[in-house]
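Colleague: Before I ask anything, let me first share the structure, which is written out below as C-alpha cells.
In full-length UniProt numbering, the protein residues as written are 1 to 323.
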C-alpha cells in the first residue's frame, strides 16, 4: 500500500454512518487505500489506511489531520452513544487489522448487553455454546466452544483469550461440518484458573462476542473499479440511499484497482429484496463491476459443500498472538 496514515475509530453504529465518514474523507481530498469495518451489538469499529490524494503519501499536515479528527468525532458523537464514548486515533505505523479490531471492540465492551445481531438461516443449535470446567489433575480451566464453523474462528478465539490475559497451554480443535468443536486448557497470566462465576461469565460473553463479530450476515456485494478519491463515499452513499445497512466491509487496492466487499441487510436487519438489488445494479453497475452473492455461510451452502471432518492437536499458542 505504500505510504499511508492509519485511522482507528469506534462508536455507535447506525444506518449511513460509513457513508458520512467516507464523505468527510473525500471532501478533505483523502483517499481510502484499504479499510476493514466490523459491527457488533450496535457498535462499529473501523481501521482505515488513507493517504493524501495530491501527494499519494501519508497525511502529515497538522491542519488536515485536525480537520479529519474534528469532523469524524462530530459524526461519531452525533450517534447518541449513551454512556459509551466515541473514539478516533491516528498513527503512521502498520497494524494487524483483525487483531486490532478485536482489541478495539473488546476495550469498548461490546460484549455487554444483549446482542442485537441475528443469524436468520441457522437454528438455535448453531449458536455458540460455551462452557468452562476445571481440570483438577493439571490445574487448568477448560474452555469448550461449539459453534458454526467458519474461517478464522480459531484466530478470533485465541486473540480474545490472549487479550484477556489468559495463556493457552493446550488445545484440541475438530470440525464436523457445519460445526466446530474447540477445547482450550488455560490459566490466567498470574497462574490462576477461573474460579468464580463472575470470571467464567465474562470469558463466555467475550468469546461469544469474538465469534459473532466476524459473522458475515446478509447479502455480499463485491465491487471492482478504478481507484479514485471519493469512490468509497459514492458506493456507501448509494447503499444508504437504498436503505441498506453495512454489517461488515473490506476495502483493498491493488495497483489502480479498488476492490470492495460489503455485507448488507435492510435497515431492520432483514435480507435485501430483489427489487433493491436491481436498483443497485442500475445505479452503480455501469461504472464498476458488481457481483452479488448470498450469505456464503448459510446453512444450505454449508451442507452442500460437504466439508470434511478434520481435527488436530496443538499446544502453547500464546507466542503467535502476543502484541
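For glycine and all other residues, C-beta sits at the position ideal for the given N, C-alpha and C.
Being a predicted model, the structure only gives us computed values, none of them experimental.
(1) Is DSSP giving residue 102 helix, strand or coil here?
(2) Residues bridged to residue 334 by DSSP?
(3) Report the three-state DSSP secondary structure of residue 242 (helix, strand or coil).
(4) Which ranges does the beta strand (DSSP E) cover as unbroken runs of at least 3 residues, wholly within the stretch 155-186, from first to last along the chain?
(5) Using CA atoms only, rank isn't needed, just tell me which of 248, 193 and 150 is closest to residue 182.
(6) In its own chain, which residues sit with a C-beta less than 7 Å from the C-beta of residue 72, not counting the 5 before and 5 after it?
(7) Verify the CB distance criterion: does residue 269 have a CB-CB separation below 8 Å to chain C?
(8) Identify which residue in 16, 11 and 3 has its Cα closest to the Cα of residue 267.
(9) Using DSSP bridges, identify the partner residues of residue 40.
(10) Alpha carbon to alpha carbon, how far is residue 286 from residue 324? Give it in angstroms, no decimals.
(11) Given a threshold of 16 other Cβ atoms within 10 Å of its Cβ, counted over all protein chains shown, does residue 148 qualify as buried or as exposed?
(12) So what does DSSP say about residue 3, is it helix, strand or coil?
(13) Three or more beta-carbon pairs under 8 Å between the stretch 128-144 and the stretch 194-208, yes or no?
(14) Which residues does DSSP list as the beta-bridge partners of residue 291?
(15) Does the Cβ-Cβ distance between residue 97 and residue 33 come in under 8 Å?
(16) If we ignore side chains and look at the alpha-carbon of each, how far apart do residue 263 and residue 28 end up?
(17) Between which two residues does the alpha helix (DSSP H) containing residue 203 stretch?
(18) Assign residue 48 to one of three DSSP states: helix, strand, or coil.
(19) Between the Cα of residue 143 and the Cα atoms of 39, 167 and 152, which residue gives the shortest distance?
(20) Does the beta-carbon of residue 171 have 16 or more other beta-carbons within 10 angstroms, so that it is buried, or is it exposed?
(21) Between 145, 136, 216 and 139, which lies nearest to residue 128 when the distance is taken from Cα to Cα?
(22) Compute the Euclidean distance between the alpha carbons of residue 193 and residue 186, then round it to the nearest angstrom.
(23) Please work out which residues of its chain come closer than 8 Å, Cβ to Cβ, to residue 246, disregarding the five sequence neighbours upstream and downstream, and give them in chain order.
(24) Taking a contact to mean a Cβ-Cβ separation below 8 Å, would you say residue 214 touches residue 275 in this structure?
(25) Please confirm whether residue 110 and residue 35 have their CB atoms less than 8 Å apart.
(26) With a CB to CB cut of under 6 Å and the five nearest residues on each side skipped, what residues in its chain are close to residue 86?
(27) Does the Cβ of residue 234 have 16 or more other Cβ atoms within 10 Å, making it buried, or fewer, making it exposed?
(28) Note down, in chain order, each residue of its chain lying with its Cβ closer than 7 Å to the Cβ of residue 229, except the 5 sequence neighbours on either side.
(29) Does the beta-carbon of residue 159 have 16 or more other beta-carbons within 10 angstroms, so that it is buried, or is it exposed?
(30) Under the rule that 16 or more other beta-carbon atoms within 10 Å means buried, what is residue 212, buried or exposed?
(31) Could you tell me the alpha carbon to alpha carbon distance between residue 65 and residue 49, rounded to whole angstroms?
Modeller: So, from the listed chains and residues:
(1) Taking the chain shown and counting its residues from 1, one reaches residue 102 at position 102. Helix, per DSSP.
(2) Residue 334 is absent from the model: the chain starts at 1 and stops at 323.
(3) Within the chain shown, numbered from 1, the residue matching residue 242 stands at position 242. Annotated three-state conformation of residue 242 is coil, per DSSP.
(4) Fully enclosed beta strand (DSSP E) runs of 3 or longer: 166-176.
(5) One-based indexing of the chain shown puts residue 182 at position 182. Of 248, 193 and 150, the residue nearest in Cα terms is 150.
(6) Taking the chain shown and counting its residues from 1, the one referred to as residue 72 is at position 72. Excluding sequence neighbours, residue 72 sits near 9, 21, 24 and 88.
(7) No chain C is present in this structure, which holds just one protein chain.
(8) Your numbering for residue 267 matches position 267 in the chain shown. Out of 16, 11 and 3, 16 has the C-alpha closest to the C-alpha of residue 267.
(9) Within the chain shown, the letter at position 40 stands for residue 40. Residue 40 is bridged to 43.
(10) It is not possible to answer for residue 324, since the shown part of the chain is limited to 1 through 323.
(11) Taking the first residue of the chain shown as 1, we reach residue 148 at position 148. It is buried - the Cβ of residue 148 has at least 16 other Cβ atoms within 10 Å.
(12) Residue 3 sits at position 3 when you count from the first residue of the chain shown. Coil at residue 3, not helix or strand.
(13) Between the stretch 128-144 and the stretch 194-208 there are three or more C-beta pairs closer than 8 Å, enough to call the two in contact.
(14) The residue labelled residue 291 in the question sits at position 291 within the chain shown. Paired residues: 222.
(15) Within the chain shown, the letter at position 97 stands for residue 97. Within the chain shown, the letter at position 33 stands for residue 33. Result no, Cβ atoms of residue 97 and residue 33 do not sit closer than 8 Å.
(16) For the purposes of this step, residue 263 is taken as residue 263 along the chain shown, with counting starting at 1. For the purposes of this step, residue 28 is taken as residue 28 along the chain shown, with counting starting at 1. Pairing residue 263 with residue 28, the inter-Cα distance amounts to about 27 Å.
(17) The residue you call residue 203 lines up with position 203 of the chain shown. Element bounds for residue 203: 197-213.
(18) For the purposes of this step, residue 48 is identified with residue 48 of the chain shown, where counting begins at 1. Secondary structure of residue 48 (DSSP, three-state): strand.
(19) Along the chain shown, read from residue 1 onward, the residue named residue 143 stands at position 143. The option with the nearest alpha carbon to residue 143 is 167.
(20) Locating residue 171 in the chain shown gives position 171, where the first residue counts as 1. Here residue 171 is buried: its Cβ has 16 or more other Cβ atoms, across all protein chains shown, within 10 Å.
(21) Here residue 128 refers to the residue found at position 128 when the chain shown is read from its first residue. Checked all of 145, 136, 216 and 139; the closest Cα to residue 128 is 145.
(22) Walking along the chain shown from the start, residue 193 turns up at place 193. Walking along the chain shown from the start, residue 186 turns up at place 186. In a straight line, the C-alpha of residue 193 is about 7 Å away from that of residue 186.
(23) Position 246 of the chain shown, counting from 1, holds the residue named residue 246. Cβ contact annotation for residue 246 (same chain, cutoff 8 Å, sequence separation greater than five): 18, 37, 39, 236, 239, 262, 263 and 264, in chain order.
(24) By one-based count along the chain shown, residue 214 stands at place 214. By one-based count along the chain shown, residue 275 stands at place 275. No, Cβ-Cβ distance for residue 214 and residue 275 is not below 8 Å.
(25) Locating residue 110 in the chain shown gives position 110, counting from the first residue. Locating residue 35 in the chain shown gives position 35, counting from the first residue. Going by C-beta atoms, residue 110 is not nearer than 8 Å to residue 35.
(26) As a first step, residue 86 is located in the chain shown; it is residue number 86 there, counting from the start. The residues are 11, 76 and 77.
(27) If you number the chain shown from 1, residue 234 lands on position 234. Flag for residue 234 reads buried.
(28) Here residue 229 refers to the residue found at position 229 when the chain shown is read from its first residue. Cβ-Cβ distances below 7 Å link residue 229 to 26, 29, 31 and 53 in the same chain, with the five nearest sequence neighbours on each side left out; the list follows chain order.
(29) To locate residue 159, count along the chain shown from 1; it is residue 159. Within 10 angstroms of the beta-carbon of residue 159 lie 16 or more other beta-carbons, which makes it buried.
(30) For the purposes of this step, residue 212 is identified with residue 212 of the chain shown, where counting begins at 1. Residue 212 is buried by the Cβ-count criterion.
(31) The residue labelled residue 65 in the question sits at position 65 within the chain shown. The residue labelled residue 49 in the question sits at position 49 within the chain shown. If I take the Cα positions, the gap works out to 14 Å.
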